[in-house]
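**Student:** If you read the sequence shown in UniProt numbering, its first letter stands for residue 1, the second for the next number, and so on.
Glycine included, each C-beta is placed from N, C-alpha and C at the ideal position.
Mind looking over this structure? Questions follow.
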Amino acid sequence: MRLPIIPPVELNAEQKPLYEDMKQGIGTSFQGFVSIRDDGALLGPWNPWIHEPKFGKPVWELVKAIASKSLLPPAVREVAILVTGAHFRSAYELYAHVIVAEHRGLSDEKLATIVAGQRPADLSRPEAVAFDFAFALVNGGVLPELTYRAAVQEFGEHGAAELSYLVGVYCLVSVTLNTFDVPVPD
Numbered sequence: 001m002r003l004p005i006i007p008p009v010e011l012n013a014e015q016k017p018l019y020e021d022m023k024q025g026i027g028t029s030f031q032g033f034v035s036i037r038d039d040g041a042l043l044g045p046w047n048p049w050i051h052e053p054k055f056g057k058p059v060w061e062l063v064k065a066i067a068s069k070s071l072l073p074p075a076v077r078e079v080a081i082l083v084t085g086a087h088f089r090s091a092y093e094l095y096a097h098v099i100v101a102e103h104r105g106l107s108d109e110k111l112a113t114i115v116a117g118q119r120p121a122d123l124s125r126p127e128a129v130a131f132d133f134a135f136a137l138v139n140g141g142v143l144p145e146l147t148y149r150a151a152v153q154e155f156g157e158h159g160a161a162e163l164s165y166l167v168g169v170y171c172l173v174s175v176t177l178n179t180f181d182v183p184v185p186d
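Have a look at this one:
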């Protein structure tokens, strides 16, 4: 870990409102994995964002936007997030979202294959579209036309756009976690 975890009692005036908003958002949208220490300190990507509120606040606003009122089915979201986390080998990202994906019904076999950077053979059609979409984006270049069309057909135009933003946000999350070497909780 390259940044010390900031206990709530040590937050400055700029960090405190961001912390309060993050803590509330974590309680609402990011449950099932360890994200808050016993003393209330935030773990995962939230701690680096608290360190730099100038950047952390807008990133957090984007994360909240992508987490709320999703057009995409929960399992589809998790497939895309895990493809992204696996590409970046982001330990905390994979830790957190494997737990979330298990709660959303994805099998251990599917999860192990995705985390290994491979495409499971037994994906549902929507999961397969999300896998191919995320995999193509994180591996660089323009999204193939057929992949884009499949996403629009499966999720609609707005759903395909949301899938793109979801992958982009989790690229940012993964890079943040890797930059600051954020560990998986004990």
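#1: Answer with buried or exposed for T84, where buried requires no fewer than 16 other C-beta atoms within 10 angstroms of its C-beta.
#2: Which same chain residues end up closer than 8 angstroms to P183 when comparing Cβ atoms and leaving out the 5 residues on each side of it in sequence?
#3: Of all the options S124, R119, P73, which has the alpha carbon lying nearest to the alpha carbon of A136?
#4: Hey, out of P53, G156, G44, E14, whose CA is closest to P126's CA?
#5: Could you name the residues that DSSP lists as bridge partners for I36?
#6: Which residues in the same chain have their Cβ closer than 6 angstroms to the Cβ of P8, if we skip the five residues on either side of it in sequence?
#7: Rounded C-beta distance between P53 and L18? I'm assuming under 8 angstroms.
#8: Checking 8 angstroms against the spacing of the C-beta atoms, do H158 and L71 come in under that value?
#9: For Q24, is the classification buried or exposed, using 16 other Cβ atoms within 10 angstroms of its Cβ as the cut-off for buried?
#10: Taking the continuous alpha helix (DSSP H) assigned at A101, which residues delimit it?
#11: Return yes when the Cβ of T113 is within less than 8 angstroms of the Cβ of D132, no when it is not.
#12: Keeping to the same chain, check which residues put their C-beta closer than 6 angstroms to that of V98; ignore five residues upstream and five downstream.
#13: Determine the contact status of V167 and A134, defining contact as a CB-CB distance below 8 angstroms.
#14: For the alpha helix (DSSP H) that D108 lies in, which residues bound it at each end?
#15: Could you have a look at V142 and say whether DSSP puts it in helix, strand or coil?
#16: Once the 5 residues before and after E102 are set aside, which same chain residues still bring their CB inside 8 angstroms of it?
**Tutor:** Well, looking at it:
#1: buried
#2: M1, A91, Y92
#3: R119
#4: G156
#5: L42
#6: G40
#7: 5 angstroms
#8: yes
#9: exposed
#10: 91-103
#11: no
#12: L111
#13: yes
#14: 108-115
#15: coil
#16: D108, L111
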